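Here's the structure, in structure tokens; my notes come after.
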DNA sequence: TAATGGTGCGCAAACGTTTGCCCGTTTTTT
DNA sequence: AAAAAACGGGCAAACGTTTGCGCACCATTA
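Protein chains in written order, with my numbering: chain A, 152 to 499; chain B, 152 to 499.
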């Protein structure tokens, strides 16, 4: 029974008509008579005919496929994003070619090449953490393969991207804590190399200004996102003159490390010490001691937007729009979410 | 600069030689002289030539692409598995076409069709929860597209699969609790419709027999995996005559619900009431009150095995092995892991 | 009646490769 | 010196589609 799939050619031979007629009949082309059209369709379904996409790809110069390159599939943020991307692609009849860079610049470059060879119509990329040169992305320009970056944006000119701005979320977070009566608010920030750290710091400062409070730089400490580094950061904050009663942490992992450490120090979470964090982890719902509030970054939404933009771009291109000079730069505002009611806010 | 990619044909014209010569030269075919070979390669790299994969696919009848269909990309288990699959595929020069069924039988069927049309060389599937008919998978047989199922296995004959057997892990889990001195051990199991529930129950019973203890059916209660249902199950257990001092829960979500509820009831976790669960969640590392031990299901390993099997199958097929009658049926034994030392056991 | 227009379909090129087969030189063998 | 072998390379088919163009036939119109 190991039959090769039926082709348009076989149908033509069996019906003793030409290949082109079969093709047109299957596409309901007006110039084909009703009777032949029906005959063709009948036989096609009898033979279980399905068009060979690879042939169509070759012929049309497009593959209805988008490539997605991101650092780590198993990270909650990205798996949520890819889930959204796949949903979007599916809705618009595209397929997703997936690859992970493992934050390795070399691999990222290879993947871009591979995607190009596979003739993906467009690319969705969240850049590897330690990618320093962006030539591999620039190269794609001359082949007219559009790229939309999301979340991790390279320092390039004239690119499409969607990212999440942490500043407002941070302002809200700090304001939230101020409103709750805290007067000394600490921040365990990430490494200065990440632009996200800058946004958080800016937000913190702006919140202080906005509330006519004075900014104490010693209340912002950095960590490299590891557990030990987080513990050290917390220790430093707790030892400072103006010992904070609330802390904003760079992300949920840091928050959990800090909460764990604080608990060991016999501090009561949300009483002695209150936390606000940035939501990377969906599972925070299931925990007992959690940050009182989180700044949601909407991974699902980011993936969705990015995919939609790319697909729009491709649709334009297919309709013959030659050259667009405008670039999509979508900033999704982060949003403070109180964690008791978080369930209703699930990004999906 | 919007240049279309260079083709083998252009190279041939520029060098005034034939297309076939160029092709062979690029493949280091012995029948091409050194000088022409070098000329060809030089020009090729100058023109930034890259072979058009879609053309090669059409010509060779294979795409070096495997399709992956699973229920939910954003679930930790699957995102871990897909991460492994992508790694394997990459190593063996394959690419991954990804799609999620959202546990919808109809969509799953469409996806199988789509994958077929895209001419994937093979398929990796974790079946949708409520798929009842498997015809869409059977159909692929006649097109000689191999499928390897993983984790969620359909009730079909003659299939390749890799799955995780919970029985041994459960025996170990119960034995572990017995060894710690518990004499009344409860189980919050999943719905009877899931085969995984059966395995867990079997394991529980066997552990009792093995330790020459009598099995009390009232200590096993079911829940539908929701929070409220879990609470009810726990209440039921706590109200039973032989109030358990330890509980085995169906998965980590259930464990967390139960732990939360128990905490509210002023029970001390791991003192008044000890938990053992099944590890679906990588994040359990970050929590304070966690099950004392977990039965690890190795999602990364499952994905890896499944991908390797599929790729082996494809390699065989490509080397002309006509018909294999043997089917891979890989059972990965689950393994009990004490959670303090869990970090070292990370599946990856 | 002759010109016009519509209808229904076929021819063949094109997409970019790979590869079996053939053929003309040169080199080696006997 | 003649035959055989090796070398280097070209021709063309094939993979399965889509689509511009051309053509024959029949039915209108003037």
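Every residue, glycine too, gets a C-beta built ideally from N, C-alpha and C. Fair warning: this is a prediction, and the values are worked out from it, not measured in the lab.
Where residue 280 of chain B is concerned, there is no enclosing alpha helix (DSSP H), because DSSP gives it neither an H nor an E. Judged by DSSP secondary structure, residue 455 of chain A falls within the alpha helix (DSSP H) whose first and last residues are 450-469. Taking a cut-off of 8 Å for Cβ pairs, the region 169-188 of chain A and the region 243-252 of chain B do not touch, as fewer than three such pairs fall below it.
Contact check for residue 345 of chain B and residue 336 of chain B: beta-carbon distance about 21 Å, past the 8 Å limit, so the pair fails to qualify.
Contact between residue 480 of chain A and residue 312 of chain A holds, since their C-beta atoms are separated by about 6 Å, short of 8 Å. As the crow flies, the alpha-carbon of residue 157 of chain A is around 59 Å from that of residue 343 of chain A. The continuous stretches of beta strand (DSSP E) do not include residue 472 of chain A, and DSSP gives it neither H nor E. Interface flag for residue 448 of chain A against chain B is unset, since no Cβ pair is found closer than 8 Å. By the rule that beta-carbons nearer than 8 Å mark a contact, residue 247 of chain B touches chain A. For residue 166 of chain B, the uninterrupted alpha helix (DSSP H) run begins and ends at 159-166, by DSSP. For residue 267 of chain B against residue 296 of chain B, the beta-carbon gap comes to about 7 Å, under 8 Å, which counts as contact.
Assignment of residue 288 of chain B by DSSP, reduced to helix, strand and coil, places it in the helix class. By the criterion of at least three beta-carbon pairs nearer than 8 Å, the region 347-363 of chain A is in contact with the region 308-326 of chain A. By the Cβ test, the region 208-221 of chain A is in contact with the region 272-292 of chain A, since at least three Cβ pairs between them sit closer than 8 Å. Taken in chain order, the unbroken stretches of beta strand (DSSP E) that lie wholly in the region 334-412 of chain A and span 3 residues or more are 336-340, 371-373, 397-400.
Looking at the DSSP output, residue 480 of chain B sits in a beta bridge with B/312. In this structure, the CA atom of residue 368 of chain A is about 11 Å from the CA atom of residue 393 of chain A.
Taking all protein chains shown into account, residue 490 of chain A has 16 or more neighbouring C-beta atoms within 10 Å of its C-beta and is therefore buried. If you look at residue 220 of chain A, you'll find it in the beta strand (DSSP E) that goes 216-221. Remark: three or more beta-carbon pairs, one from each stretch, lie closer than 8 Å, so the region 416-432 of chain B and the region 445-462 of chain B are flagged as touching. Residue 418 of chain B: not part of any alpha helix (DSSP H); DSSP gives it neither H nor E.
Under the Cβ criterion of 8 Å, residue 294 of chain B is counted among the residues facing chain A. Looking only at B/410, B/277, B/254, the smallest Cα-Cα distance to residue 458 of chain B is reached by B/277. Counted as a single uninterrupted DSSP element, the beta strand (DSSP E) harbouring residue 250 of chain B occupies residues 246-251.
When DSSP states are grouped into helix, strand and coil, residue 176 of chain B belongs to the helix group. Residues of the same chain with a CB within less than 6 Å of the CB of residue 198 of chain A, apart from the 5 flanking positions on each side, are 157 in chain order.
Taken in chain order, the members of the region 200-215 of chain B whose beta-carbon sits within less than 8 Å of a beta-carbon on chain A are 201, 202, 203, 204, 205, 206, 208, 209, 214. Separation of the CB atoms of residue 325 of chain A and residue 354 of chain A is rounded to 7 Å, and the pair is thereby assigned contact status at 8 Å. Each residue's CA atom was taken as its position, placing residue 301 of chain A and residue 287 of chain A some 17 Å apart. Think of a sphere of 7 Å around the beta carbon of residue 269 of chain B: the chain A residues whose beta carbon falls inside it are 204, 246, in chain order. When rounded, the separation of the alpha-carbon atoms in residue 162 of chain A and residue 186 of chain A is 15 Å. Boundaries of the beta strand (DSSP E) harbouring residue 487 of chain A: 486-489, taken from the DSSP string.
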